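According to UniProt numbering, the sequence shown is numbered sequentially starting from 1. Beta carbons: idealized from backbone N, C-alpha and C, even for Gly. This one's a predicted model, so the numbers in the text were calculated from it and none came from an experiment. Contents: one structure, followed by commentary.
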Amino acid sequence: MTALVNTAQGETNTPFDIKGTSLSELMSLKITSLSKKKQQLNRAPAAVYVLSSDEIQRMGVTHIAEALRFVPGVEVAKVDSSRWAIGIRGFTSRASNKLLVMIDGRSIYSPFFSGVLWEEKDVVLADVDRIEVIRGPGGAVWGANAVNGIINIISKNSSKTVGTLVEGKVTSEQNGMIQARQGWKVSTDSYLRFYVKQRERSDTGHDVTNDDSLHRQAGFRFDHNFDPKTSLTLQGDIYRGEIGSMNTTEQPAGQKQHGGNFLMNWSHSATSDRRHGFQAFYDATDLEVTGLQDRRNTLDVSYQVQQNWSQNELVVGAGYRRVRDDVDTMFISPEHRTNETFNAFFQNDLALMKDLHFIFGTKYEDNDYTGSEWQPNVRLSYFVWDSLLWTSWSKAVRVPTRLETDITIPGLNGDKFTSEEATVYEFGWRKRWSTMLQTDITLYQSDYDSLLSLELDGIRNKLAGRTRGVEISASIQPMKEWLLRINMSHAEMDLDADHDSFDFSDSESQEDGMPQNMAQLSSLLDIAEDWQLNAYLRYVDSIETNNIESYMVGDLSLVWKINDSLTANLTGKNIGDGSHEEWTSGVPVDDEYGLSLKWEMP
1 MTALVNTAQG ETNTPFDIKG TSLSELMSLK ITSLSKKKQQ LNRAPAAVYV
51 LSSDEIQRMG VTHIAEALRF VPGVEVAKVD SSRWAIGIRG FTSRASNKLL
101 VMIDGRSIYS PFFSGVLWEE KDVVLADVDR IEVIRGPGGA VWGANAVNGI
151 INIISKNSSK TVGTLVEGKV TSEQNGMIQA RQGWKVSTDS YLRFYVKQRE
201 RSDTGHDVTN DDSLHRQAGF RFDHNFDPKT SLTLQGDIYR GEIGSMNTTE
251 QPAGQKQHGG NFLMNWSHSA TSDRRHGFQA FYDATDLEVT GLQDRRNTLD
301 VSYQVQQNWS QNELVVGAGY RRVRDDVDTM FISPEHRTNE TFNAFFQNDL
351 ALMKDLHFIF GTKYEDNDYT GSEWQPNVRL SYFVWDSLLW TSWSKAVRVP
401 TRLETDITIP GLNGDKFTSE EATVYEFGWR KRWSTMLQTD ITLYQSDYDS
451 LLSLELDGIR NKLAGRTRGV EISASIQPMK EWLLRINMSH AEMDLDADHD
501 SFDFSDSESQ EDGMPQNMAQ LSSLLDIAED WQLNAYLRYV DSIETNNIES
551 YMVGDLSLVW KINDSLTANL TGKNIGDGSH EEWTSGVPVD DEYGLSLKWE
601 MP
């Protein structure tokens, strides 16, 4: 379990076994996504989970979406062979618009429809340090769209990936992946890595044709320490992919995408109590589907400073984003549009007593769609008897998109559509009962206002409602070689239209569009010095809107470290009754068996 601690702190490469780490050490993981500063997981006043590099490697997954299946409270549904629907606390869809997703702090959601096309986002998972997932709002720090949750994929410093890695995987469903990475120590304080990756998936079958895909990607990361207090990171990626469509017509619609990004991050610790950070990235994407082509260029610049004094830890920052969109379709006008967003935020952690903390802050954004938006947040936490009790009140918004405001189809005009709003109340209790048992419980209620509705005069904000839920997890370590996790969640949604609303969008379909209950049991076991046996069992309730029945399936992996350089991983996914549907009625997800080989030399 050493890997679960060290990789989360970015201090070392992933060891092979899990021995020698207690649950209390696991809860000392450092996270950064909650407050844009480092803090211990066991002291974080939010529903947080960290998926480590070790756990990702154990299960032999090849894509980010597959890895997120193992995170408690995250709904991950396979739409077809290549596409995914991912959400947190409801409103899950192919383009979940109340979820903020980032790679190393770089937002990857599309402002065209305010969601993430998971099929075009990829990384070398062996280079991922950890994935931090926050269930609940984060608008006070991250801004718009961080309504129901945040997913931040954080890569390893290139000093941790010196050497050569080559990995390939084939499966029983004719799916394959191959990737290679080379890392160098350029100088005493400089490190560099390059990678290439290709991922291919065959079509689903079952009378659904042409949803096969091919994705190629390459990239680099460079890290340099000017001195012990100042560091610089440069990284970038380019990609190209093609995906068919789950369509039975003779000429099914396809999807093509290509793009690239470049990111710079600079940090400097002026003193032990003051830290500066500057980040800038440029992202270019070109998406083409039948009847639509969207070319988008995004520039994002942000600066923040953390200042500690007396009993306060204050983080203050500001930023600017510019998005240039060129849309080629007869249903969007204007064809060219440039949107700018200015933002500023602060968050202060005030220690009222040694273990009693009051956290408060807000983010202000000015965007070209709705003007000024405020997203405040207040949290109170108390750590006592190896327990953290916390509660929070937050406001978050989801801003409109071009697809909603600039559409020209009669009856769908959205020029009067404004931001969706959420007010969220949370209460949590995280407890270490012994060296063998820890539990985490979160209760929440999200009150939504001004939700999208489809009216006689177009797209409007005439829906409101709430979701309520409970999330329970337990970690059990009966012996140093074995870690068990049990996770359960229950959620209910109730939406109502305004008295003057006709709401053709059918709010009832949204209420029934989420599984009310989800559960997961995971087991990570070192069965011998060079062998691991890992298992995940998950249950997902029915989704009435999509005519999806409840299902229970399991994933297995047997890992053999053949020698110091070569590792084999035999995997089984979706093992159950042969096949099941997850999101699309008539598109079953079959059980799938695979073998991967990874060769790594320092």
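Length of the line joining the Cα atoms of Phe360 and Asn312: Straight-line measurement puts the Cα of Asn312 at about 11 Å from the Cα of Phe360.
Limits of the unbroken alpha helix (DSSP H) element including Val141: 139-142
Where the beta strand (DSSP E) containing Glu421 begins and where it ends: Run containing Glu421: 420-432, per the beta strand (DSSP E) assignment.
Where Ile64 falls: helix, strand or coil (DSSP): helix
The region 371-384 / the region 433-442 touching (three or more Cβ pairs under 8 Å): As far as the Cβ criterion goes, the region 371-384 does not touch the region 433-442, which means the pair count is below three.
Residue range of the alpha helix (DSSP H) that includes Ser509: 507-511
Reduced DSSP secondary structure (H/G/I, E/B, other) of Ala519: The DSSP-derived three-state label of Ala519 is strand.
Cutoff 6 Å; reference Ser522; Cβ partners in own chain excluding five residues on either side: Take Ser522, set aside five residues on each side of it, and the residues of its chain with a beta-carbon closer than 6 Å to its own are Arg485, Tyr536, in chain order.
Simplified DSSP state of Asn42, which is helix, strand or coil: helix
Status (buried if at least 16 other CB within 10 Å, exposed otherwise) for Asn461: buried
Leu314 (DSSP reduced to helix, strand or coil): Strand at Leu314.
For Glu335, the three-state DSSP class (helix, strand or coil): Under the three-state reduction of DSSP output, Glu335 falls in the coil class, being neither helix nor strand.
Contacts around Glu581, its chain only, beta-carbon distance under 6 Å, and the 5 residues preceding and following it disregarded: Ile548, Pro588
Cβ neighbours of Arg322 in the same chain (closer than 6 Å, five flanking residues each side left out): The answer, listed in chain order, is Leu299, Glu340.
Identity of the residues DSSP links to Lys256 by a beta bridge: For Lys256, which the question treats as bridged, DSSP gives the partners Glu242, Glu288.
From Ser33, Thr62, Lys38, Tyr49, residue whose alpha carbon lies closest to that of Asn569: With distances taken between Cα atoms, Asn569 lies closest to Thr62.
Residue burial classification, residue 628 (beta-carbon count within 10 angstroms, cutoff 16): Past the edges of the chain, shown from 1 to 602, lies residue 628, and the structure says nothing about it.
Delimiting residues of the alpha helix (DSSP H) encompassing Arg402: 402-405
Cutoff 6 Å; reference Arg337; Cβ partners in own chain excluding five residues on either side: Asp325
Straight-line Cα distance separating Gly163 from Leu192: 10 Å
Asn487, buried or exposed, once every other Cβ within 10 Å from all chains shown has been counted against 16: buried
Exposed unless 16 or more other CB atoms sit within 10 angstroms - verdict on Gly469: Result: buried.
Beta-carbon proximity list for Val553, same chain, < 7 Å, skipping 5 on both sides: Arg538, Asn574, Ile575, Gly576, His580
Contacts around Val166, its chain only, beta-carbon distance under 6 Å, and the 5 residues preceding and following it disregarded: Ala180, Trp599
CA nearest to the CA of Ile153, picked from Trp142, Val133, Ala140: Val133
Under 8 Å between C-beta atoms of Asp189 and Asp203: no
Whole-number beta carbon distance between Val305 and Ala280, since they are thought to touch under 8 Å: About 16 Å separates the two Cβ atoms, so there is no contact after all.
For Ile56, the residue or residues it bridges with in DSSP: DSSP, once it has assigned bridges, lists no residue as partnering Ile56.
For Lys160, three-class secondary structure by DSSP: For Lys160, the three-state secondary structure derived from DSSP is helix.
Close beta carbons around Phe502, own chain, < 6 Å, minus the five adjacent residues each side: Correct list, in chain order: Glu455, Leu456.
Backbone CA spacing between Pro478 and Leu533 [nearest angstrom]: Counting only the Cα atoms, Leu533 lies some 16 Å from Pro478.
Residues near Val76 by beta carbon distance below 7 Å, same chain, minus five either side: Ala65, Leu68, Arg69, Trp84, Ile86
Spatially closest choice to Asp227 from His215, Asn261, Ser267, Lys256, by CA coordinates: When each option's Cα is compared against that of Asp227, the closest is Ser267.
Rounded straight-line distance, which links the Cα of Val327 to that of Met1: Confidence is the limiting factor: at Met1 the pLDDT is only 39, short of 50, which leaves the residue's position unreliable and the question unanswerable from this model.
Contact belief for Leu34 with Arg130 at Cβ below 8 Å, rounded distance in angstroms: Their Cβ separation, rounded to whole angstroms, is 13 Å, which puts Leu34 and Arg130 out of contact at 8 Å.
Local Cβ density within 10 Å of Val147, reported as buried at 16 or more and exposed below that: It is buried - the Cβ of Val147 has at least 16 other Cβ atoms within 10 Å.
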